[in-house]
Amino acid sequence: MDVLPWLLDWPPSRGTVAVFVLLSAFSVGTLVVLGGVTDEITYDNASIESTDFTVKLNDEITMPDVGSDSMGTCLASGTPGDRITVRGNVSVQIPTRNDRNAAEIRRVELAVSLAHTDERTTQTLSRTGDVTTDVFWVFEDDETLSVNDTATVQITLLTADSMLADRTAAVSVQNATRSYDC
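Per my numbering, the very first residue in the sequence shown carries number 236; after that it's consecutive.
Put into structure tokens, the structure is as follows:
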């Protein structure tokens, strides 16, 4: 069937106009009726799936011995002296949000803190779905933790206006060292 002569037949007949109006009304009606059937997934069911953290404390401040009258170059590894290191990874599930307006998409942040301090580190999560992110945080020792104490790590998923999910993990504080390669 060749549709082009039918479309180019101008002026259209009353039957052609009626068919066009009926097809348009049917198409718009279908969109209106079935458009509300789709489920809109929101951030409200975001969750923290798993966590794995270590907390290390280094109370010693040592400097390498490079000689009395020379300048040395050293490569250090480990937790700096008088500091606490929090390392680990967090796996979260952030459902995809089906927004009709892209301007309404909210930024999701992962915040990690220790229960005994007001300090925290945050990372912006740039995608949705199953997300695993690494956490590496070094901060000054406030002398409230000791080796073999239990530190409570608080993990929170946040948007600008609400908390989506939170979780805590009890972690034993380990002794950390710092070594130098000079």
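C-beta atoms are modelled at their ideal positions from N, C-alpha and C, and glycine is treated no differently.
Alpha carbon to alpha carbon, how far is residue i from residue j?
i           : j           : result
residue 296 : residue 395 : 39 Å
residue 291 : residue 389 : 16 Å
residue 405 : residue 375 : 20 Å
residue 256 : residue 398 : 49 Å
residue 246 : residue 359 : 60 Å
residue 356 : residue 417 : 32 Å
residue 276 : residue 415 : Here residue 276 scores only 46 on pLDDT, less than 50, and its place in the model should not be relied on; the value that follows carries that caveat. Rounded to the nearest angstrom, the two C-alpha atoms are 51 Å apart.
residue 264 : residue 254 : 15 Å
residue 337 : residue 239 : Low confidence applies here, because residue 337 scores a pLDDT of 43, under 50, leaving its location unreliable and the question unanswered by this model.
residue 319 : residue 288 : 13 Å
residue 243 : residue 237 : 11 Å
For the beta strand (DSSP E) that residue i lies in, which residues bound it at each end?
i           : result
residue 329 : 318–329
residue 401 : 398–410
residue 290 : 282–293
residue 416 : 413–416
Give me the Cβ distance between residue i and residue j, rounded to the nearest whole Å; I'm assuming they're in contact under 8 Å.
i           : j           : result
residue 327 : residue 282 : 7 Å
residue 293 : residue 308 : Rounded, the Cβ-Cβ distance is 22 Å, inconsistent with contact.
residue 392 : residue 343 : 6 Å
residue 386 : residue 349 : 6 Å
residue 286 : residue 402 : 6 Å
Go ahead and pull the three-state DSSP assignment for residue i.
i           : result
residue 248 : coil
residue 308 : coil
residue 265 : helix
residue 238 : coil
Practice item. Give, in chain order, every unbroken run of the beta strand (DSSP E) that is at least 3 residues long and sits entirely within the region 346–386. Key: 355–360 and 364–375
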